[in-house]
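Below is one structure, written out as structure tokens; the observations come after it.
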Amino acid sequence: MENILADIPLWVLLIACLITVIAGFVKGAIGFAMPMIMISGLASVLSAEAALAALILPTVMTNAAQALRQGLHEALQSAWRFRLYLGIVLVCIMGSAQLVTLMPQNAMFLMIGIPVLLFSITQILGWHLSIKKEHRKRAEVIIGCVAGFTGGLSGIWGPPTVAYLTAIGTEKQEQIRVQGVIYGAGAVVLLLAHIKSGVFTVSTGSFSALMLAPALLGMLLGMRVQDRLDQAKFKKATLIVLAIAGLNLIRRGVSG
Numbered sequence: 013m014e015n016i017l018a019d020i021p022l023w024v025l026l027i028a029c030l031i032t033v034i035a036g037f038v039k040g041a042i043g044f045a046m047p048m049i050m051i052s053g054l055a056s057v058l059s060a061e062a063a064l065a066a067l068i069l070p071t072v073m074t075n076a077a078q079a080l081r082q083g084l085h086e087a088l089q090s091a092w093r094f095r096l097y098l099g100i101v102l103v104c105i106m107g108s109a110q111l112v113t114l115m116p117q118n119a120m121f122l123m124i125g126i127p128v129l130l131f132s133i134t135q136i137l138g139w140h141l142s143i144k145k146e147h148r149k150r151a152e153v154i155i156g157c158v159a160g161f162t163g164g165l166s167g168i169w170g171p172p173t174v175a176y177l178t179a180i181g182t183e184k185q186e187q188i189r190v191q192g193v194i195y196g197a198g199a200v201v202l203l204l205a206h207i208k209s210g211v212f213t214v215s216t217g218s219f220s221a222l223m224l225a226p227a228l229l230g231m232l233l234g235m236r237v238q239d240r241l242d243q244a245k246f247k248k249a250t251l252i253v254l255a256i257a258g259l260n261l262i263r264r265g266v267s268g
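Take the sequence shown: its position 52, counted from the start at 1, is 64 in our numbering, and no numbers get skipped.
See the structure below:
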């Protein structure tokens, strides 16, 4: 990956841009899934490490825009309300990112994909899992560890976070903002961690920067859809994408 842009054929670059626009659109519409779509799509035409590096800068920028859409004050309030979960996710991302070149990811994808799929399907079918207020701190610790650990290894920590926010009945606007805060802070930590791990270099960073424009374009289009969704439709759309994400993680775990 010493000169990745020079080595990428034009058709691969165009496919990468298209995948990133789609990822940005889904991100803008429901507030998550950009890393899952990008890593899955880009890894089909690029190496896994190049795909992981490519999503880092778009993830940082789109989450900053998402978190700050209602202003800095609201974003800071959301960060404070979910400070325990946020802190655990960041620590675990930093730690597990150093294992990205050493640990096989098949088992990890299955471990996160199966629960996410089961959760989303049961919710769609009408079984409403809810986490009681007195159990939320314990849930934040457990789910935060899972999200951070998988995030450092794969760049994906959205499904556990969305499952948690859905289970505690977070309102649409608040959920979108909280996701932006958590994912944005996590993306910055992921960037720093992968500078240290060697995945994010000057070469892969330039490729990641090239993906910023299609990511932001897709996100702007997706936000127009988000503004038209009421709470019920937003939750249903979120659960459908979550189910697809779970299936994709299981596919990756099985296929290797």
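We put the CB at the ideal spot given by N, CA and C, even for glycine.
Remember, predicted model here, so these are calculated numbers, not experimental data.
Asked	Found
Start and end residues, alpha helix (DSSP H) containing Phe94	Here Phe94 belongs to no alpha helix (DSSP H), and DSSP marks it neither H nor E.
Spatially closest choice to Leu26 from Ala255, Leu58, Arg264, by CA coordinates	Leu58
Of the residues Leu204, His147, Met235, Ala257, the one placed nearest Ile42, counting alpha carbons only	Met235
Reduced DSSP secondary structure (H/G/I, E/B, other) of Met13	Low local confidence applies: a pLDDT of 48 at Met13 is under 50, so the model's placement there is unreliable, with the coordinate-based value given in what follows. Note: Met13 maps to coil in three-state DSSP.
Ile126 versus Pro171 - alpha carbon distance	11 Å
Ile168 (DSSP reduced to helix, strand or coil)	coil
Nearest-angstrom Cβ-Cβ length linking Leu203 and Ile68, presumed shorter than 8 Å	5 Å
Secondary structure of Met223, DSSP reduced to three states	coil
Among Gln110, Thr71, Gly258, nearest to Val174 - alpha-carbon criterion	Gly258
For Phe219, the nearest candidate out of Ala63, Trp139, Lys39, Leu254 (CA to CA)	Ala63
Buried/exposed call for Thr134, threshold 16 Cβ in 10 Å	exposed
Nearest residue (CA-CA) to Thr71, options Arg189, Leu54, Arg95, Phe44	Phe44
First and last residue of the uninterrupted alpha helix (DSSP H) at Leu80	It is not in any alpha helix (DSSP H) - Leu80 carries neither H nor E in the DSSP assignment.
Member of Ser209, Val190, Ala199 whose CA lies at the smallest distance from the CA of Gly163	Ala199
Rounded straight-line distance, which links the Cα of Asn260 to that of Met13	Its pLDDT being 48, under 50, Met13 is placed unreliably in this model, and the coordinates cannot settle the point.
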